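A quick write-up on the structure given underneath.
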Amino acid sequence: MQLRYAFRLYPDAGQRTALARAFGCARVVFNDAVRAREDTRRAGQPFPTAGELSRRLVTEAKRTAERSWLGEVSAVVLQQSLRDAEAAYRNFFAFLKGARKGPKVGSPRFKSRKDARQSIRFTANARWNITGSGRLSLPKIGTVKVKWSRTLPATPTSVTVIKDAAGRYFASFVIDTDPAADAGRMPESDRTIGIDLGLTHFAVLSDGTKIDSPRFLRRAEKKLKKTQKELCRKQKGSKNRAKARLKVARAHTKVADARREFHHQLSTKLICENQAIAVEDLSVAGLARTRLAKSVHDAGWSSFIGMLKYKAARYGRTLVTIGRFTPTSQTCSACGAVDGPKPLDVREWTCVACGTVHDRDVNAAINIKTAAGLAVTACGAPVRPGAIPAQREETGSHGFPTGNRAAMEAQQPVEKARILGLQPEVQVNRRGTARSSPPWR
31 MQLRYAFRLY PDAGQRTALA RAFGCARVVF NDAVRAREDT RRAGQPFPTA
81 GELSRRLVTE AKRTAERSWL GEVSAVVLQQ SLRDAEAAYR NFFAFLKGAR
131 KGPKVGSPRF KSRKDARQSI RFTANARWNI TGSGRLSLPK IGTVKVKWSR
181 TLPATPTSVT VIKDAAGRYF ASFVIDTDPA ADAGRMPESD RTIGIDLGLT
231 HFAVLSDGTK IDSPRFLRRA EKKLKKTQKE LCRKQKGSKN RAKARLKVAR
281 AHTKVADARR EFHHQLSTKL ICENQAIAVE DLSVAGLART RLAKSVHDAG
331 WSSFIGMLKY KAARYGRTLV TIGRFTPTSQ TCSACGAVDG PKPLDVREWT
381 CVACGTVHDR DVNAAINIKT AAGLAVTACG APVRPGAIPA QREETGSHGF
431 PTGNRAAMEA QQPVEKARIL GLQPEVQVNR RGTARSSPPW R
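Counted the way the numbering used here counts, the sequence shown spans residues 31 to 471.
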């Protein structure tokens, strides 16, 4: 498994100038590669190969008066910029063919010198190294001071120098780790847990533990508002506006860093203490379009689940994701009866079948654990209640006699799901009969 270890860099004035020159040269080569591809596409000609682009945009360009300054930076930086352009086009074409899943991938665009993030990459053949005094030696840049927060577990294969929107510099090392060795460092555990993510509490565990949401963005809104006002009052193009922009960027990076640190600490703690973890596949993109958008973005559920995924794969743990349409908040975790949807203001409810009083979030976390097959009986057998298929005589719509209201209401969710192309969920009521509920509930 490949992981990245990032450390803060503190270049001096001359090194910052050299880094700015390297950022600019890499950006120009990337834009030249995109322009060359677009020109051949408009002309109806086949795309130039990577070797042809390297010869034309790097080797031959250095000999011209317009691009002679490309020789002032390491050639590896320019070659890696071409590789980035190739990867961008490869991902774009894979998305068009349907081979790449996930969010939409657009065609590569030109990079701007005003982009918030600038980066260059050095591979092993660039002859960069870590000196005996702990500095990072980069070709044609110098030995840069590094703040080592931890030791590298192995020899890195490449390093990427990044400058973020707040003007900070980072060195990101790529490390090849051994999952077997990493799993051996984890303590043995037979615990399993289900996690219900929310807004009032960031996470509620199936054992009843509730983890409060820090709400980093909400707490920093007053300072962010003040810095943003100062930025709006500065004249565009002035040096004071550039200073105000840095203040806004630094305020936002503090919020993002605090949220990321919270996610890392919580995910590591859960991975260390549990052998298997069950979570729900939430539609974060859909929830981010509702009136709860700011709170959803402030929680950062996707980032947290992503950390659980790669840490579980690294340390030999199991992460199970259940479907987002599983009625975890509607099902009684004691008897399995489905009590129907409930508004968000209902935090506790009593099961009409068995009379058990449930905390909404704890009950949902238990149901997530059960639906993932992580709950066990007294004899150690896993418990995963199977769905009972609804019986239908034939496909298509069904007519009902006038006055048969119960049959009509039972069939409406199935017909609506069929029209929208969705798969209705099958639930079992208290009498043991199957009924279908629409998956959008």
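Glycine included, every Cβ here is placed at the ideal spot set by N, Cα and C. None of the values given here were measured: they were computed from a predicted structure.
{"Item": "Beta-carbon spacing of Ile225, Ser243 below 9 Å", "Value": "no"}
{"Item": "Buried or exposed (CB count within 10 angstroms, at least 16 for buried), Cys262", "Value": "exposed"}
{"Item": "Whole runs of the beta strand (DSSP E) within the segment 337–384, excluding any shorter than 3 residues", "Value": "348–352, 378–380"}
{"Item": "Arg67 beta carbon less than 9 Å from that of Tyr119", "Value": "yes"}
{"Item": "Coarse secondary structure for Gln45, derived from DSSP in three states", "Value": "helix"}
{"Item": "CB of Leu485 within 9 Å of CB of Ala329, strictly", "Value": "Residue 485 is absent from the structure shown; the chain starts at 31 and stops at 471."}
{"Item": "Own chain partners of Ser332 with C-beta closer than 6 Å, once the 5 adjacent residues on each side are dropped", "Value": "Val314"}
{"Item": "Local Cβ density within 10 Å of Phe334, reported as buried at 16 or more and exposed below that", "Value": "buried"}
{"Item": "Reduced DSSP secondary structure (H/G/I, E/B, other) of Gly172", "Value": "strand"}
{"Item": "Complete runs of the beta strand (DSSP E) confined to the segment 239–325 [at least 3 residues]", "Value": "240–242, 306–310"}
{"Item": "Check whether Asp220 and Gln305 have beta carbons under 9 Å apart", "Value": "yes"}
{"Item": "Continuous alpha helix (DSSP H) stretch holding Phe122: start and end", "Value": "105–127"}
{"Item": "Distance between Arg248 and Thr47 (C-alpha atoms, nearest Å)", "Value": "37 Å"}
{"Item": "Assigned exposure category for Gln148 - 16 Cβ within 10 Å defines buried", "Value": "buried"}
{"Item": "Same chain only: Cβ atoms within 8 Å of Gly370, ignoring 5 sequence neighbours per side", "Value": "Gln360"}
{"Item": "Extent of the continuous beta strand (DSSP E) run through Leu227", "Value": "222–227"}
{"Item": "Reference Ser13; option with closest CA among Arg151, Trp178, Gln45, Ile171", "Value": "With the chain covering 31 to 471 only, the question about residue 13 has no answer from this structure."}
{"Item": "Alpha-carbon to alpha-carbon, Ala402 and Thr358", "Value": "11 Å"}
{"Item": "Option in Ile150, Arg130, Lys253, Ala117 with minimal Cα separation from Val191", "Value": "Ile150"}
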